[in-house]
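The structure appears below as C-alpha cells.
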Amino acid sequence: MKKVIYDPREQKKIGMLTPSSNTTLEPICSNMVAGKETIVTMHYGRFSVTKISLEEDALAQFDMEPMLQAARLLADADVDVIAWNGTSGGWLGFDIDRQLCARIEEETGIPATTSMLAQIQAFQEDGVKRVHLITPYLSKINELIIEEYRKCGIEVVSSVCLNQFVNRSFALVPQEKIKTMFEQVCQEPADGVSVVCTNFPAMWSAAEMEETYHTKVYDTINTVVWAAMKMIGISPGIVKGWGKLFDDCR
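The opening position of the sequence shown corresponds to residue 4 in the numbering used here, with each subsequent residue numbered one higher.
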C-alpha cells in the first residue's frame, strides 16, 4: 500500500464557532472527516451559550461581539472557512446570520457560513419545498423557525419538539426517543426531514432514518459541514456513512 504523505500546506481547515455547552457537534464533525486529515481538518472555538429560549438573557448570548471574538481566535489558526455551527438564526432571523457572516468576513478576510444558511442552501440546491421539522426546542422556537422557512419558500408539513430549553439537555436525548420523533413526523409525504439543533444528536441515527422512511435528512450539523466543504473546494462526497447529503455528491 502506498504511504500517504502528510503535507499541511495541502490541507484545508474548517473553523467551527461552537456553543460552549455543546457536546454533540464536535465529535460528529470530527468523525465525518476522520481519516481525511491529509485533505481537511476541523477546528473549534467556543463562546458562552447555555440555554435556548426567548428570554432576554438567552437572546443576549447571541450578541455579535462574543461570536466575532471567537471567530478572530479561529482566524489565528489560518482556517479556510468559518462556520457558525449553531441555529440561532432560526429564531432571530436568517438576516442576522447573513450579517454575522458579513462581519466575520470583513474582520478576518475568511469566508463564513452558518448552520441555518447552509441548510437553506441545501434545500435550494435539492429543490426542497416541503419538509418535516424535528427539534428539542420550545414550541415557540419551532414556530419562529417555521416562519423563517416560509419566507424562503419552504413549507413545514409536520413538526415535533421536546419543549426543552437547557442546552446541555439536548445532547442527552436518547437515540430511541429521536427515532420516535422521526416516526411521528414521517407519516405524510415531504421532500426531506429538517433537524434543527447542533447539540441534538440525531446525526448518529440519520442514515438509518433515511433508509427506514425513504427520505433525506437535512440536519443543521451535516448541512454546515457540507456547505463549508463546498466553500473551500472540497467535494462533500469524501464523507462516507453519514447519509444522502454526502452520498449524492459522489
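Don't be surprised by glycine CBs; every beta carbon is placed ideally from N, CA and C. This one's a predicted model, so the numbers in the text were calculated from it and none came from an experiment.
Buried or exposed for residue i, please, with buried defined as at least 16 other CB atoms from any protein chain shown within 10 angstroms of its CB.
| i | result |
| --- | --- |
| residue 200 | buried |
| residue 135 | buried |
| residue 82 | buried |
| residue 204 | buried |
| residue 226 | buried |
| residue 4 | With a pLDDT of 47 at residue 4, under the threshold of 50, the predicted position of this residue should be treated as unreliable, though the coordinate-derived value follows. Exposed. |
| residue 230 | buried |
| residue 57 | exposed |
| residue 151 | buried |
| residue 236 | exposed |
| residue 117 | buried |
| residue 38 | exposed |
| residue 105 | exposed |
| residue 244 | exposed |
Among the candidates the options, whose CA atom is the shortest distance from the CA of residue i?
| i | options | result |
| --- | --- | --- |
| residue 131 | 13, 62, 192, 143 | 192 |
| residue 109 | 74, 90, 142 | 74 |
| residue 51 | 80, 26, 21 | 21 |
| residue 64 | 170, 175, 247, 80 | 170 |
| residue 66 | 103, 27, 48 | 103 |
| residue 198 | 97, 57, 17, 161 | 161 |
| residue 87 | 80, 55, 120 | 120 |
| residue 84 | 244, 234, 238, 245 | 234 |
| residue 143 | 152, 166, 238, 26 | 166 |
| residue 178 | 211, 19, 38, 194 | 211 |
| residue 195 | 219, 24, 232 | 219 |
| residue 59 | 32, 38, 95 | 95 |
| residue 209 | 238, 35, 70 | 35 |
| residue 49 | 76, 61, 247 | 76 |
| residue 217 | 238, 38, 188 | 188 |
| residue 182 | 202, 168, 213 | 213 |
| residue 71 | 62, 19, 128 | 19 |
| residue 247 | 129, 202, 153 | 129 |
Can you name the residues that DSSP bridges to residue i?
| i | result |
| --- | --- |
| residue 45 | 17 |
| residue 220 | 196 |
| residue 54 | 169 |
| residue 161 | 135 |
| residue 22 | 50 |
If you draw a straight line from the alpha carbon of residue i to that of residue j, how long is it in whole angstroms?
| i | j | result |
| --- | --- | --- |
| residue 140 | residue 242 | 28 Å |
| residue 215 | residue 112 | 43 Å |
| residue 101 | residue 155 | 14 Å |
| residue 186 | residue 164 | 13 Å |
| residue 251 | residue 240 | 7 Å |
| residue 255 | residue 249 | This structure leaves residue 255 out entirely; the chain is present only between 4 and 253. |
| residue 46 | residue 137 | 27 Å |
| residue 41 | residue 54 | 36 Å |
| residue 79 | residue 126 | 32 Å |
| residue 158 | residue 90 | 18 Å |
| residue 92 | residue 99 | 6 Å |
| residue 173 | residue 145 | 15 Å |
| residue 29 | residue 190 | 32 Å |
| residue 107 | residue 97 | 15 Å |
| residue 221 | residue 33 | 18 Å |
| residue 17 | residue 43 | 7 Å |
| residue 148 | residue 123 | 12 Å |
| residue 24 | residue 184 | 23 Å |
| residue 26 | residue 175 | 9 Å |
The ligand COA and residue i: does any heavy atom of the ligand fall closer than 8 Å to the residue's C-beta?
| i | result |
| --- | --- |
| residue 123 | Of ligands this structure carries none, so the ligand COA is not represented either. |
Just list the beta strand (DSSP E) runs in the region 80–125, keeping only unbroken ones of 3 residues or longer that don't cross its boundaries, in chain order. 84–87, 115–117
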